[in-house]
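**Q** Mind having a look at this structure? Questions to follow.
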Amino acid sequence: MISILAPPPRTLLAQGKASRKFFSDEDRILLEDRETTLEGQDKASLLRFIRKMLQWEPGKRSSVKELEEDEWNRKNT
């Protein structure tokens with residue numbers, strides 16, 4: 006997840022007892038760079054869909070219903 010999302014938010018890291026052992030401010034691989042098969046609006050829609058699922062904080066993740074109704078999911082299922 007870190008290579009896609011970058012390190013967790015500082016507020017989340019602050020809750021961990023060992024966070025400083027594992028996390029620092031380093032470069033990350035952007036999600037846009039990892040997707041190489043799609044372009045334009047298709048790529049943008051897929052990346053929005055993925056970001057709705059890949060959230061560090063569970064409360065910020067989309068529900069299954071929201072994902073079912075997502076533009077990219079409706080077009081590609």
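Just so we're aligned, residue 6 is where the sequence shown starts under our numbering, counting upward by one. From the three backbone atoms N, C-alpha and C, an ideal C-beta is built for every residue, glycine too.
Report the option in E73, R25, L17 and N81 whose CA atom is closest to the CA atom of M58.
**A** Cα-wise, what sits closest to M58 is E73.
**Q** Exposed or buried, what is L43 when buried is set at 16 or more other beta-carbons lying within 10 Å of its beta-carbon?
**A** Exposed is the call here.
**Q** Please go through the same chain and pick out, in chain order, the residues whose beta-carbon is closer than 6 Å to the beta-carbon of R33, but skip the five residues on each side of it.
**A** Confidence at R33 is low in this model, with a pLDDT of 49, below 50, so its placement is unreliable and the value that follows should be read with caution. Here the set comprises A11.
**Q** Rounded to the nearest angstrom, how far is the Cβ of I9 from that of L36, given a contact under 8 Å?
**A** So it is a contact: roughly 5 Å between Cβ atoms.
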